[in-house]
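Beneath this line is the structure, given in structure tokens, with notes to follow.
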Amino acid sequence: MASHRFGEESGPSHHHHLPYALPHMLSSNFLNQEGSSFDFGELEQAIVLQGVKKINNDHDKKQPLIYSSSSTVRPAATLEMFPSWPIRFHHHTPGSSKSGGGGGEESTDSGSAANTVSTTAPESPVSTKPSSSDHHHLQPPQMDGAGGFSQTHQTAGRQTPEKRREPGSDSNKAVDAKTLRRLAQNREAARKSRLRKKAYVQQLESSRIRLTQLEQDLHRARSQGIFLGGGGVAGGSISSGGAIFDMEYARWLDEDLRHMSELRTAVQAHLTDGDLRVIVDAYISHYDEIFRLKGVAAKSDVFHLITGMWATPAERCFLWMGGFRPSDLIKMLISQLDPLTEQQIMGIYGLQQTSQQAEDALSQGLEQLQQSLIDTIANGSINDSMHHMAVALGKLANLEGFVRQADNLRQQTLHQLRRILTVRQAARCFLVIGEYYGRLRALSSLWASRPREALQMADDNSCQTTTDLHMVQSSQNQFSNF
Amino acid sequence: MQQALPFRDWLTTAGGGGGAGRSAAAAAANANSVRESTIGDAGSARKLVAENAVVVFARRGCCMCHVVKLLLRGHGVNPSIADVDEQNEADLADELSKIAGDGSAVPQLPAVFVGGELFGGVEDVMGAHISGELVPRLREAKALWL
Chain A
8 MASHRFGEES GPSHHHHLPY ALPHMLSSNF LNQEGSSFDF GELEQAIVLQ
58 GVKKINNDHD KKQPLIYSSS STVRPAATLE MFPSWPIRFH HHTPGSSKSG
108 GGGGEESTDS GSAANTVSTT APESPVSTKP SSSDHHHLQP PQMDGAGGFS
158 QTHQTAGRQT PEKRREPGSD SNKAVDAKTL RRLAQNREAA RKSRLRKKAY
208 VQQLESSRIR LTQLEQDLHR ARSQGIFLGG GGVAGGSISS GGAIFDMEYA
258 RWLDEDLRHM SELRTAVQAH LTDGDLRVIV DAYISHYDEI FRLKGVAAKS
308 DVFHLITGMW ATPAERCFLW MGGFRPSDLI KMLISQLDPL TEQQIMGIYG
358 LQQTSQQAED ALSQGLEQLQ QSLIDTIANG SINDSMHHMA VALGKLANLE
408 GFVRQADNLR QQTLHQLRRI LTVRQAARCF LVIGEYYGRL RALSSLWASR
458 PREALQMADD NSCQTTTDLH MVQSSQNQFS NF
Chain B
23 MQQALPFRDW LTTAGGGGGA GRSAAAAAAN ANSVRESTIG DAGSARKLVA
73 ENAVVVFARR GCCMCHVVKL LLRGHGVNPS IADVDEQNEA DLADELSKIA
123 GDGSAVPQLP AVFVGGELFG GVEDVMGAHI SGELVPRLRE AKALWL
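Which chain is which? The protein sequence lines are A and B, in order. Residue 8 is where the first sequence starts when you use the working numbering, and the numbers rise one by one after that. Residue 23 is where the second sequence starts when you use the working numbering, and the numbers rise one by one after that.
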């Protein structure tokens, strides 16, 4: 019954049921201190003190109490938790011992009161107020009424506390000091664990808030990246540098369309060379801009550029070092750019040759880098893995240089083209270039949305076909056999 | 292969400057060998630049240096490659900027010197290569004879 009561009610309600037995300050102090958590340290101390005091009362009824150490301590009504332990009725005169008398009367009163009420919250004897001694002087007259009730419990109470205390005690004084220390330690430990728990909970709360903020940011960045990156973006796995570049590249493509229409109207309108030159130079600057942006992107995410994730799949197919191959562009232009003067033809072929040489040099350099990287990664030992990783990272950093040089080559090629050609030729040349890449991008989307029934066409194992589409289909059919 | 070729003799007698002639001849004769040296101190850098038509200062095993080498060799030039150790790099960079001229920026490696003057880095060499300015410069420095 005691335990049932204990579990049922909490401290604050205990207040009301102890009108006079315990100083309200005592209980409220304790409750404010400890919150609603149950403190065994306090309870234990209270029980022990009460029991010790009782033993002492038993043995040294007529003698003055010797507790100097416990003189300031008042046992609490915690013993009401175990109403089967009767409260001891002591015969002390008020003068014999302050603590004993006060404690005893308090306990009897509280015992009588508590027998009818809950016994949940332990009342701390620690913060016993000296004013409790005032109370106990008032209590005797009131006790009479309750005294009878409590008297029935006395005798039984006499024994039980004794039994409880005797096994562990040789001398009352020694026991008291030891137990006091132990109780104090328990109190300290309990307080520390409470503080730790509070700190932990606070940490959890702040982490939770931070997590929700991060999720919001991620969601926002992702939605921006995916929306603006178009078809070339793998959902969610873009770095911020890559996402930023994709955004800027999309904007550049829109600009490109504008430049193209301007060039088209300019060529058809037969503008003067001066006006045409302005438009052509603007288009060159437009290309300079994308190379500058790529340079910036190479610093933050070179892999994004070099794998061509920013470009359409068809463009990616012809990708060389993060962009178009200049010699291929020149080859394409040669057929489109006539009529050209002899000198211009020489110039264009020369440009094709020099760009080819530069491309080869860069490709070989990249190959050397790749080989060196392979060696580093392959030869890393278990013990030295961090060092090898650092070396590999250093080598990877050179990739940025290669992409930069490749873009530089593209830029130089376009500038040289501009120098070789007249203004009008240059205008038409850039129209051709713009048109070419527009078709390549359109091819990408067409391929992505091609009808799938083409895959189920009759098995065609012939490799004599000349169209690429057929070859693709036959190879696909061969694979489907597996 | 590396020994006497009539070509070499012709070059030395043509007398295009002792050092330059020698290095160009060596370049023409030793198509497959590379004249490499390691920079011990900054002083030797000055000497290298003064004595050779084309010098490339680069970190050992640098891939960009390989690119520059290939570009230059594509023209028939065999540059003198100077390997730079990491510890010497800072000093060498200062020395190179002094050779290039007071007030010029510290050159990035790989750094190319043509005819005793700082030509630039990979970007500059490539740009000149595309625009066609590289060959005249090489001829001027007597690194090319054709």
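Each residue gets a CB set at the ideal place from its N, CA and C atoms; glycine is no exception.
Between the C-alpha atoms of residue 76 of chain B and residue 155 of chain B, what's the straight-line distance to the nearest angstrom? On the second sequence, position 54 is the one that residue 76 of chain B refers to. On the second sequence, position 133 is the one that residue 155 of chain B refers to. Going from the Cα of residue 76 of chain B to the Cα of residue 155 of chain B covers about 15 Å.
Strand pairing of residue 102 of chain B, partner residues [DSSP]: As a position in the second sequence, residue 102 of chain B is number 80, starting the count at 1. Partner(s): B:77.
Counting only runs that start and end within the region 267-334 of chain A, where is the alpha helix (DSSP H) found for 4 or more residues in a row? 280-307, 309-313, 320-324
For residue 152 of chain B, go through chain A and note every residue whose CB falls closer than 9 Å to its CB, in chain order. Numbered from its first residue, the second sequence carries residue 152 of chain B at position 130. Those are 333, 358, 361, 362, 365, 416, 419, 420, 422, 423, listed as they occur along chain A.
Please tell me whether residue 209 of chain B and residue 129 of chain B are closer than 8 Å, where the distance is taken between their beta carbons. An answer regarding residue 209 of chain B cannot be provided, because it is not within the stretch 23 to 168 covered by chain B.
Which residue or residues does DSSP assign as beta-bridge partners of residue 406 of chain A? Position 399 of the first sequence, counted from the start, is the residue given in the question as residue 406 of chain A. Bridge partners of residue 406 of chain A: none, in fact.
Return the CA-CA distance between residue 274 of chain A and residue 265 of chain A, expressed in angstroms with no decimal places. The count along the first sequence starts at 1 and reaches residue 274 of chain A at position 267. The count along the first sequence starts at 1 and reaches residue 265 of chain A at position 258. Distance between the alpha carbons of residue 274 of chain A and residue 265 of chain A: 14 Å.
Could you please give the first and the last residue of the uninterrupted alpha helix (DSSP H) stretch that includes residue 354 of chain A? Numbered from its first residue, the first sequence carries residue 354 of chain A at position 347. Unbroken alpha helix (DSSP H) run through residue 354 of chain A: 349-385.
Starting from the Cα of residue 419 of chain A, find the closest Cα among A:248, A:294, A:227 and give me that residue. Numbered from its first residue, the first sequence carries residue 419 of chain A at position 412. Comparing Cα-Cα distances from residue 419 of chain A to each of A:248, A:294, A:227, the minimum goes to A:294.
Same chain, Cβ closer than 7 Å to residue 402 of chain A, neighbours up to 5 away in sequence not counted: In the first sequence, counting from the first residue as 1, residue 402 of chain A sits at position 395. Excluding positions up to five away in sequence, the list reads 376, 379, 380, 383.
Rounded Cβ spacing between residue 78 of chain B and residue 90 of chain B (contact assumed at less than 8 Å): Here residue 78 of chain B corresponds to residue number 56 of the second sequence, with the count starting at 1. Here residue 90 of chain B corresponds to residue number 68 of the second sequence, with the count starting at 1. Going by Cβ atoms, the distance from residue 78 of chain B to residue 90 of chain B rounds to 6 Å, so yes, they are a contact pair.
DSSP three-state label for residue 248 of chain A, please. In the first sequence, residue 248 of chain A corresponds to position 241, counting from 1. If DSSP states are grouped into helix, strand and coil, residue 248 of chain A belongs with the helices.
Leaving out five residues before and five after residue 437 of chain A in sequence, what residues of the same chain have Cβ atoms less than 7 Å from its Cβ? Your numbering for residue 437 of chain A matches position 430 in the first sequence. Counting only Cβ-Cβ distances below 7 Å, and skipping sequence neighbours, we find 270, 287, 290.
Among A:400, A:368, A:320, A:187, nearest to residue 454 of chain A - alpha-carbon criterion: Locating residue 454 of chain A in the first sequence gives position 447, where the first residue counts as 1. Here the closest residue by C-alpha is A:320.
Quick one: which unbroken alpha helix (DSSP H) runs of 4-plus residues sit fully inside the region 85-165 of chain B? Chain order, please. 85-96, 108-122, 144-153, 156-162
Taking the alpha carbon of residue 331 of chain A as the point to measure from, which residue in A:202, A:317, A:343 has its own alpha carbon closest? Counting from one through the first sequence, the residue named residue 331 of chain A turns up at place 324. Nearest option by C-alpha distance: A:317.
Contact defined as beta carbons within less than 8 Å: I believe residue 147 of chain B pairs with residue 93 of chain B. What is the distance between those atoms, to the nearest angstrom? Translated into positions along the second sequence, residue 147 of chain B becomes position 125. Translated into positions along the second sequence, residue 93 of chain B becomes position 71. Confirmed, about 6 Å.
Please work out which residues of its chain come closer than 8 Å, Cβ to Cβ, to residue 306 of chain A, disregarding the five sequence neighbours upstream and downstream, and give them in chain order. On the first sequence, position 299 is the one that residue 306 of chain A refers to. Cβ neighbours of residue 306 of chain A beyond the five flanking positions: 248, 407.
Please compile the residues from chain A whose C-beta is within a distance smaller than 8 Å of the C-beta of residue 108 of chain B. Along the second sequence, read from residue 1 onward, the residue named residue 108 of chain B stands at position 86. Per Cβ cutoff of 8 Å: no residues; residue 108 of chain B is ~11 Å from chain A at best.
Cβ separation of residue 252 of chain A and residue 326 of chain A, assumed to be a contact under 8 Å, to the nearest whole Å: Within the first sequence, numbered from 1, the residue matching residue 252 of chain A stands at position 245. Within the first sequence, numbered from 1, the residue matching residue 326 of chain A stands at position 319. Their Cβ separation, rounded to whole angstroms, is 15 Å, which puts residue 252 of chain A and residue 326 of chain A out of contact at 8 Å.
Checking contacts by CB at 8 Å: is residue 160 of chain B closer than that to chain A? The residue given as residue 160 of chain B occupies position 138 in the second sequence. Taking Cβ atoms only, chain A never reaches closer than 8 Å to residue 160 of chain B, which makes this a no.
Min CB distance residue 96 of chain B to chain A below 8 Å: Taking the second sequence and counting its residues from 1, the one referred to as residue 96 of chain B is at position 74. It does: the Cβ of residue 96 of chain B has a partner Cβ on chain A nearer than 8 Å.
C-alpha distance - residue 153 of chain B paired with residue 426 of chain A, whole-angstrom precision: Taking the second sequence and counting its residues from 1, the one referred to as residue 153 of chain B is at position 131. Taking the first sequence and counting its residues from 1, the one referred to as residue 426 of chain A is at position 419. So the two alpha carbons sit approximately 9 Å from each other.
Backbone secondary structure at residue 45 of chain B - three-state DSSP: Walking along the second sequence from the start, residue 45 of chain B turns up at place 23. Summary for residue 45 of chain B: the model assigns pLDDT 43, below 50, so the residue's position carries little reliability; its value from the coordinates is reported in the next sentence. Helix at residue 45 of chain B.
Span of the alpha helix (DSSP H) around residue 451 of chain A: Numbered from 1 along the first sequence, position 444 holds the residue referred to as residue 451 of chain A. Per DSSP, residue 451 of chain A belongs to the alpha helix (DSSP H) from 430-455.
Neighbour-count burial assignment, residue 106 of chain B, 16 or more Cβ in a 10 Å radius: Within the second sequence, numbered from 1, the residue matching residue 106 of chain B stands at position 84. Answer is buried; the Cβ neighbour count reaches 16.
Using a Cβ-Cβ distance cut-off of 8 Å, determine whether residue 172 of chain B contacts chain A. The requested residue 172 of chain B is not part of the displayed model; chain B covers only 23 to 168.
Counting only Cβ pairs nearer than 8 Å, list the residues of chain A close to residue 89 of chain B. On the second sequence, position 67 is the one that residue 89 of chain B refers to. Residues of chain A passing the Cβ test: 368, 369, 371, 372, 412.
Is the CB-CB distance between residue 336 of chain A and residue 440 of chain A below 8 Å? Counted from its first residue, the first sequence places residue 336 of chain A at position 329. Counted from its first residue, the first sequence places residue 440 of chain A at position 433. Result yes, Cβ atoms of residue 336 of chain A and residue 440 of chain A sit closer than 8 Å.
Contact with chain B by residue 379 of chain A, beta-carbon distance below 8 Å: Working through the first sequence from its first residue, we reach residue 379 of chain A at position 372. Yes, because at least one Cβ of chain B sits closer than 8 Å to the Cβ of residue 379 of chain A.
How many angstroms separate the CA atom of residue 459 of chain A from the CA atom of residue 410 of chain A? On the first sequence, position 452 is the one that residue 459 of chain A refers to. On the first sequence, position 403 is the one that residue 410 of chain A refers to. Cα to Cα, the separation comes out at about 37 Å.
What are the residues in the region 380-404 of chain A lying within 8 Å of chain B by C-beta distance? none
Nearest neighbour of residue 405 of chain A, chosen from B:81, B:74, B:159 [CA to CA]: Counting from one through the first sequence, the residue named residue 405 of chain A turns up at place 398. Checked all of B:81, B:74, B:159; the closest Cα to residue 405 of chain A is B:81.
Through-space distance from residue 414 of chain A to residue 443 of chain A, alpha-carbon basis: Taking the first residue of the first sequence as 1, we reach residue 443 of chain A at position 436. Taking the first residue of the first sequence as 1, we reach residue 414 of chain A at position 407. When rounded, the distance between both Cα atoms is 19 Å.
If you check the beta carbons only, do residue 338 of chain A and residue 360 of chain A fall under 8 Å apart? By 1-based counting over the first sequence, the position of residue 338 of chain A is 331. By 1-based counting over the first sequence, the position of residue 360 of chain A is 353. No, they are not a contact pair.
As assigned by DSSP and simplified to three states, the class of residue 167 of chain B: Working through the second sequence from its first residue, we reach residue 167 of chain B at position 145. Of the three classes helix, strand and coil, the one that applies to residue 167 of chain B here is coil, per DSSP.
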